[in-house]
Amino acid sequence: MTARLGEAIALRVGASLVSLVFVVVAVFFITSALPGDVAEALLGQAATPDAIAALRHSLRLDQPVLLRFAGWAGGLLRGDFGTSLVSHQPVLSMVHDRLLHSLLLAGITTLFAVPAALLLGTLSAIFRNTVFDRTISLLTLCVVSVPEFLIATLAVLVFAVELHLLPALASISDIHSIGSFLAAFSMPVATLGCVIVGQMARMTRAVMVNVLSSSWVEMAMLKGVSPAFIILRHVLPNVIAPLFNVIALSLSYLLGGVVIVESVFHYPGIASLMVDSVASRDIPLVQTCAIIFCAAYLLLTTLADIVALCSSQERTRT
Amino acid sequence: MSLLPPTAPPPLISVQNLSLTGHRGRGPETPIVTNVSFNVAEGEMLALIGESGSGKTSIALALTGYARQGCRISGGTLRVAGHDVLHMNARELHAFRGMTIAYIAQNAGAAFNPALPLMEQVIEPALVHHIMPRKEAVEQAIALFELMALPSPHTIGARYPHECSGGQLQRIMAAMALITEPEVVIFDEPTTALDVTTQIEVLEAFRLAMRQCGFTGVYVTHDLAIVAQMADRAVVLKNGTVQEEGSTGQILTAPTQPYTQALVAASEPHTRNHDPAPASAPLLDVRDILVGYGGTTPEGRPVHTILNQVSLPVLAGETMGIIGESGCGKSTLIRAIAGIQPWSAGSMMFEGQPLAADINLRSPQQRQHLQLVAQNADLVLNPAMTVQATLRRVLTFYGEDASDNAIRHILDMVRLPAALASRLPTQLSGGQKQRVNLARALAARPRLVLCDEITAALDTVVAAAILDLMMELKRELSLSWLFVTHDLHALRSVCDHVAVLYAGHCVEFSTITALQTAPHHPYARKLEASVPEMRPDWLDNILRQHGLKQDKSGPAPASGCSYMPRCPVAAATCALTPPPVWQAPSGAFIACHRTAQELS
């Protein structure tokens, strides 16, 4: 029984690793196919053809693409993600702090958004087609449809510019107290929360409605089981797998999709690092960021699948 | 009517002027049930008889104080075992449901939580009502499993719902209902979704439980033969109103209301096929068809076989019936003939020409002359196309005259008024939809029509009308029908030849007259004996004859007779060699190791 589960999980993890290899290959070749030349970008308008050629040679940009890939991939295997073309620092050390900042923001947002979304979605499903459900549905629809830069900008306008309650920029370098922590994080977290809570709550509602309208929930009611007990004992084991998928999809957005929020609040996260590196044609940095985003996505969806496998393993014995 | 003699005890269930309303989406409220009143005395079993949409399930659920999403109990009084059901708060309702009144749902497969072991669900009513500790509840459940004649009662509770058969689940659900020893048990069409051979096992178990536990019951059904076995009194419902109320005997033998009379008449078996087909050359000749899935073995056979070398001829102008339980391969056979199910060995001839397995390789004429009518008209008819658009599509596809006149003519053939031509499928009744479904096939001017359980989803009266129509069309158009069913009554009333399918094997092939006389294949005999009859002592007789038996089932032998594990007359050879096919004096072909004398 557990051997079968272990085998299934190993298969799933293996599939994810294979996907990761494809991602790495795709990231390299797509970034090498990008227009623009880092040597030209670095030297600016005054560059002479000789200077550009010399720089290209020193950056090994004149080598065939497959050779460069071999060198780069070999580096990856040794844990060497290369050196920034612009700052000449190791990419990994540049990414390190930014990634921690992003994970912090994502973690705090998750802490608030996931319980809120699950609660809203479940309540809407229980009280489906009532005024409460319609109101939640309308609100979440509004929040999902409003672009996040608008929410972020409006928040800055209201709370920072007009009310002077919060600083407009999320400067996380000088967090010393709970107050400064709240000041730095409340607006970015609220903006991100709006986006993912709306989406998660709607998907949670769909999953829950599907289960709540099943015959066996009706049967449980007719057995005299109380509603809270029905949700906890009967519904929960059946929705764990789909709910984890909903959560995983929303959370994967928190790492890669937060460029706008990071820019508006000037938050030093990894998404804004990637934007900067694209602007300066700093290819090793772009590649590393892209790989991190994809790996995070793969990790989350794989985790969701493993949860689904574990939640159904009892039943799939033969 | 509701005035009882002064000496009689007060009824355990009293329903007065019950009204239920419901609405679809945001549509206006429409009545589902109006002014329904009836009483049930203690220890009595009352049948609620009605067709789909008559409100019988809504009434049964209302007895537990529950109305489905979109429905509402809008008036009346309900008293069940001293409780005023409509004036209880949520807490009182939770204490009432599952304790005083228990419910057995129609589809046991859907009524069990797929993520919990069965034992957890069976003892749940006892635990949530705090009537016994867990250990005692488990013992009680095992005792009930034994009473229900379930196989391995001590371990079956550890299984999950998908690990049990439909008939087992239905009996486990009965055990779940009885564990709290409720005063009232509601049976909501508990055997409708089951095969006849399984239904009889479940009915036997219910009957035993009734004797042992002595509860008051409400039995919801549309099947009058089951009413005759299970109920003392019956209430006949139509469109949410009571048509007639009386003792079971009176309702079944001397109904006074026209609707009840029509119901009883439609349930009586009778022959519709008045002019048997003349002997003629086979129109369709199926030879040794082998269908399977799951890849092929090194010997070139499918890993899992659905149809194992099935052969049958369909003569021109006859109705050929195929009968068998769910999973026997009858729908697969129809799909193979229709060209939408590839087969791995065997051949088919149609109108003297070989028939390709893939419908795209068949000639236009073959495709036109061979039409399929699917079981569920709701799923087949395009909901966005009007009736005439659906029919015109067929006519233009085959290059026929597609004028309004031609469409009117086709509608006339299936006895539908021309005014329906501009309607959408959602604006038609179930019977009308099935007629349009038939008309769609007839528009192609077929020679052979394949019917896959076309009456299974219909109410008795409507189904009877469709069978009548089939026979009229057979006469008028000299059509051949291939009629797949699990309903032996329907089969007998329309067919000329019958093939009995079991586990992908054709175990018996005979004329309809030979089906009435011995000998028979043991499975055909079992099928015959399992069809409920209107005689009220039918079930008791069967119980008396053999007592309650545990399910006989087990893996079929790899080489040998696939019916062997369930066969009452199996011998040692049955497990080793495939049964030979021999012809009985009646003309029937039977695949069995036993001889004609032994099976007579």
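Sequence order for the protein chains is A and B. Position 240 of the first sequence, counted from 1, bears residue number 240 in UniProt numbering, the numbering being contiguous throughout. Position 504 of the second sequence, counted from 1, bears residue number 504 in UniProt numbering, the numbering being contiguous throughout. Ideal placement from N, C-alpha and C gives every residue a C-beta, glycine not left out.
Q) Is the CB-CB distance between residue 609 (chain B) and P190 (chain B) below 8 Å? A) Summary: the structure shown does not reach residue 609 (chain B), with chain B confined to residues 1 through 600, and so no result is reported for it.
**Q.** Chain-order list of residues whose beta-carbon lies under 6 Å from that of V500 (chain B) (same chain, five-residue window excluded)
**A.** In the second sequence, counting from the first residue as 1, residue 500 (chain B) sits at position 500. So the list reads I323, V507, E508, A524, once near-sequence residues are dropped.
Q: Could you spell out where the alpha helix (DSSP H) holding Q341 (chain B) opens and where it closes?
A: Locating residue 341 (chain B) in the second sequence gives position 341, where the first residue counts as 1. Q341 (chain B) -> no alpha helix (DSSP H), and no H or E assigned at all.
Q: Kindly indicate if chain B contains any beta-carbon less than 8 Å away from that of G224 (chain A).
A: Taking the first residue of the first sequence as position 1, residue 224 (chain A) is located at position 224. Yes, contact with chain B.
Q: Could you tell me which of A:G107, A:N129, A:A117, A:S280 sits nearest to H26 (chain B), measuring between CA atoms?
A: One-based indexing of the second sequence puts residue 26 (chain B) at position 26. It should be noted that the sequence gives Arg, not His, for residue 26 (chain B). Checked all of A:G107, A:N129, A:A117, A:S280; the closest Cα to R26 (chain B) is A:N129.
(Q) Excluding the 5 residues flanking V95 (chain A) on each side, which residues of the same chain have their C-beta closer than 8 Å to its C-beta? (A) Numbered from its first residue, the first sequence carries residue 95 (chain A) at position 95. The answer, listed in chain order, is F81, I270, L273, L285, T288, C289, I292.
Q. Three or more beta-carbon pairs under 8 Å between the segment 285-301 of chain B and the segment 466-483 of chain B, yes or no?
A. no
Q. From which residue to which residue does the beta strand (DSSP E) around K238 (chain B) run?
A. Counting from 1 along the second sequence, the entry for residue 238 (chain B) is found at position 238. Start and end: 233-238.
Q: Could you tell me whether the Cβ of Y103 (chain B) comes closer than 8 Å to any Cβ of chain A?
A: Stepping through the second sequence from its first residue, residue 103 (chain B) is reached at position 103. Yes, contact with chain A.
Q.
Is P125 (chain B) close to chain A? Criterion is C-beta to C-beta, closer than 8 Å.
A. Looking up residue 125 (chain B) in the second sequence gives position 125. Answer yes: the Cβ-Cβ gap between P125 (chain B) and chain A drops below 8 Å somewhere.
Q: Note down, in chain order, all residues in the segment 62-73 of chain A with a beta-carbon under 7 Å from any beta-carbon belonging to chain B.
A: none
Q) For the segment 117-134 of chain A, which residues have a beta carbon sitting closer than 7 Å to at least one beta carbon of chain B? A) none
Q | Q229 (chain B) in three-state terms, based on DSSP | A | Position 229 of the second sequence, counting from 1, holds the residue named residue 229 (chain B). Of the three classes helix, strand and coil, the one that applies to Q229 (chain B) here is helix, per DSSP.
Q. Is D454 (chain B) helix, strand or coil when you go by DSSP?
A. Taking the first residue of the second sequence as 1, we reach residue 454 (chain B) at position 454. Position check: residue 454 (chain B) holds Ile in this sequence, whereas Asp was assumed. Three-state DSSP puts I454 (chain B) in coil, outside helix and strand.
Q. Is it buried or exposed for L18 (chain B), if we count other Cβ within 10 angstroms and need 16 for buried?
A. Along the second sequence, read from residue 1 onward, the residue named residue 18 (chain B) stands at position 18. With 16 or more other Cβ atoms within 10 Å, it is buried.
Q) Taking C-beta to C-beta, are Q229 (chain B) and P557 (chain B) nearer than 8 Å? A) Translated into the one-based positions of the second sequence, residue 229 (chain B) becomes position 229. Translated into the one-based positions of the second sequence, residue 557 (chain B) becomes position 557. No.
Q: Consider the Cβ of S215 (chain A): report whether some Cβ of chain B lies at a distance smaller than 8 Å.
A: Taking the first sequence and counting its residues from 1, one reaches residue 215 (chain A) at position 215. Interface residue, yes.
Q.
Rounded to the nearest angstrom, what separates L303 (chain A) and P302 (chain B) at their Cα positions?
A. Locating residue 303 (chain A) in the first sequence gives position 303, where the first residue counts as 1. Locating residue 302 (chain B) in the second sequence gives position 302, where the first residue counts as 1. One C-alpha to the other measures close to 37 Å.
Q. Got a sec, what are the start and stop residues for the alpha helix (DSSP H) I30 (chain A) sits in?
A. What you label residue 30 (chain A) is simply residue 30 of the first sequence in a count that begins at 1. Per DSSP, I30 (chain A) belongs to the alpha helix (DSSP H) from 2-32.
Q.
Quick check: what's the CA-CA separation for M1 (chain B) versus E244 (chain B)?
A. Mapped onto the second sequence, residue 1 (chain B) falls at position 1. Mapped onto the second sequence, residue 244 (chain B) falls at position 244. Confidence at M1 (chain B) is low in this model, with a pLDDT of 45, below 50, so the placement of that residue should be treated as unreliable; the coordinate-derived value is given next. So the alpha carbons of these two residues sit roughly 11 Å apart.
Q | Stretch pair the segment 107-114 of chain B + the segment 124-134 of chain B: three plus CB contacts closer than 8 Å | A | no
Q.
Contact defined as beta carbons within less than 8 Å: I believe A284 (chain B) pairs with F350 (chain B). What is the distance between those atoms, to the nearest angstrom?
A. As a first step, residue 284 (chain B) must be located in the second sequence, where it is residue number 284. As a first step, residue 350 (chain B) must be located in the second sequence, where it is residue number 350. Before going on, a small fix: residue 284 (chain B) reads as Leu here, not Ala. Indeed they touch by this definition, with Cβ atoms about 5 Å apart.
Q | chain B contact residues for P147 (chain A), given Cβ-Cβ distances below 8 Å | A | Taking the first residue of the first sequence as 1, we reach residue 147 (chain A) at position 147. By Cβ distance, chain B contributes nothing, its closest Cβ being about 31 Å from P147 (chain A), past 8 Å.
Q) Counting contacts by CB-CB distance shorter than 8 Å, is M564 (chain B) in contact with chain A? A) Residue mapping note: residue 564 (chain B) aligns to position 564 of the second sequence, counting from 1. No, no contact with chain A.
Q. Among B:P568, B:H593, B:F589, which residue has its Cα nearest to the Cα of T577 (chain B)?
A. As a first step, residue 577 (chain B) is located in the second sequence; it is residue number 577 there, counting from the start. It is B:H593 whose Cα lies nearest to the Cα of T577 (chain B).
Q) Are three or more beta carbon pairs between the segment 221-238 of chain A and the segment 155-170 of chain A nearer than 8 Å? A) no
Q: For M1 (chain B), decide whether its Cβ has a neighbour in chain A, counting only Cβ atoms nearer than 8 Å.
A: Residue mapping note: residue 1 (chain B) aligns to position 1 of the second sequence, counting from 1. In this prediction, M1 (chain B) scores a pLDDT of 45, lower than 50, which makes its location untrustworthy; no coordinate-derived value is stated.
Q.
So the candidates are A:I260, A:A295, A:S312; which of them puts its Cα closest to the Cα of V13 (chain A)?
A. Against the first sequence, residue 13 (chain A) aligns to sequence position 13. Nearest C-alpha to V13 (chain A): A:A295.
Q) Between the Cα of R207 (chain B) and the Cα atoms of B:S562, B:L539, B:A591, B:S559, which residue gives the shortest distance? A) For the purposes of this step, residue 207 (chain B) is identified with residue 207 of the second sequence, where counting begins at 1. Among B:S562, B:L539, B:A591, B:S559, the Cα nearest to that of R207 (chain B) is on B:L539.
Q. Near C71 (chain B), which residues of its chain fall below 8 Å by C-beta distance, leaving aside the five closest residues on each side in sequence?
A. Translated into the one-based positions of the second sequence, residue 71 (chain B) becomes position 71. Contacts found: L20, T21, G22, I32, S58.
Q: Would you kindly check if the distance between the Cβ of A205 (chain B) and the Cβ of R159 (chain B) is under 8 Å?
A: Taking the first residue of the second sequence as 1, we reach residue 159 (chain B) at position 159. Taking the first residue of the second sequence as 1, we reach residue 205 (chain B) at position 205. The answer is no: Cβ separation not under 8 Å.
Q. Excluding five sequence neighbours on each side, which residues of the same chain lie with their C-beta closer than 7 Å to the C-beta of N382 (chain B)?
A. For the purposes of this step, residue 382 (chain B) is taken as the residue at position 382 of the second sequence. Closer than 7 Å at the Cβ level, and outside the excluded window around N382 (chain B), lie T390.
Q.
I'd like to know whether the C-beta atoms of L43 (chain A) and L59 (chain A) end up nearer to each other than 8 Å.
A. Reading the first sequence from its first residue, position 43 is the one you call residue 43 (chain A). Reading the first sequence from its first residue, position 59 is the one you call residue 59 (chain A). Result no, Cβ atoms of L43 (chain A) and L59 (chain A) do not sit closer than 8 Å.
Q: Take the Cβ of Q365 (chain B) as the centre, count every other Cβ of all protein chains shown within 10 Å, and call the residue buried at 16 or more, exposed below.
A: The count along the second sequence starts at 1 and reaches residue 365 (chain B) at position 365. It is exposed - the Cβ of Q365 (chain B) has fewer than 16 other Cβ atoms within 10 Å.
Q: Starting from T64 (chain B), find everything on chain A with Cβ-Cβ shorter than 7 Å and list it in chain order.
A: Within the second sequence, residue 64 (chain B) is the residue found at index 64, counting from 1. Those within 7 Å of T64 (chain B) in chain A are L222.
Q | Cβ of M200 (chain A) within 8 Å of any chain B Cβ | A | In the first sequence, counting from the first residue as 1, residue 200 (chain A) sits at position 200. False, the Cβ-Cβ gap to chain B never drops below 8 Å.
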